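In this text, residue positions in the sequence shown follow the numbering used here: the first is 476, and each later residue adds one.
Just so it is clear, CB atoms sit at the ideal spot from N, CA and C, and this is done for glycine as well.
Predicted model only: the values in this text are computed from it and were never measured.
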Amino acid sequence: MGIQLDAPAKAEGCVERITSHDEPLAGRLKRNEQLVYDALCQSPTPLKAYDLLETLQDHGLRAPMTIYRALEALIAKDCVKKIESLNAFVAVRPSRPAQARAFLICKECMQAREITLDARQVADLFSPIRVSADEVRIEAFGDCHDVCGNGVVGSR
Ligand SMILES: [Zn+2]
476 MGIQLDAPAK
486 AEGCVERITS
496 HDEPLAGRLK
506 RNEQLVYDAL
516 CQSPTPLKAY
526 DLLETLQDHG
536 LRAPMTIYRA
546 LEALIAKDCV
556 KKIESLNAFV
566 AVRPSRPAQA
576 RAFLICKECM
586 QAREITLDAR
596 QVADLFSPIR
606 VSADEVRIEA
616 FGDCHDVCGN
626 GVVGSR
């Protein structure tokens, strides 16, 4: 149906990707933003601001405000998303234009996976109630099966 399911949202190799020249993010991140982005890329699960603070203390990021400012900038550049229900953040691929991103969070391992929806899929989703949505956030909780699965539903 065109819905794209990415392997864990903080894709392997995204640290390399943002330093390569053809990547839209190359050179666009300030030092602190890069540190926060890299930390999110390397984490298997979404991180809260205080997790980031703890992780990045040794890099000189010691004030919560510094972390929040970097996160805000990264969100504005569309390379980090906040998972509202967890009050935590994930790195996303900046190069793929999408109308909406949906996150599926495993209750077992807390890994977040990302699905992107295009404008048509978003329109279809809301057409039964005749609403046009321009800001869509979808956060679903379940069992990721691949990693911690018991091989019931959706296993391959
Ligand atoms: Zn899992």
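| Query | Result |
| --- | --- |
| Euclidean distance between Cα positions of Phe578 and Phe616 | 8 Å |
| Nearest-angstrom beta carbon gap, Cys623 and Glu583 [assumed within contact, 8 Å] | 4 Å |
| Glu589 beta carbon near ligand 1 (any heavy atom closer than 7 Å) | no |
| Beta-carbon gap between Ala587 and Leu515 smaller than 8 Å | no |
| Glu576 - DSSP class collapsed to helix/strand/coil | First, the residue type needs correcting, since residue 576 is Arg and not Glu in the sequence shown. Residue state, collapsed to three classes: strand. |
| Any non-hydrogen atom of ligand 1 within 7 Å of Glu614 CB | no |
| Closer than 7 Å: Asp533 CB and nearest ligand 1 heavy atom | no |
| Residue environment, Tyr512, which counts as buried when at least 16 other CB atoms sit within 10 Å | buried |
| Coarse secondary structure for Glu529, derived from DSSP in three states | helix |
| Option nearest Glu508 by Cα separation, candidates Asn562, Pro603 and Arg544 | Arg544 |
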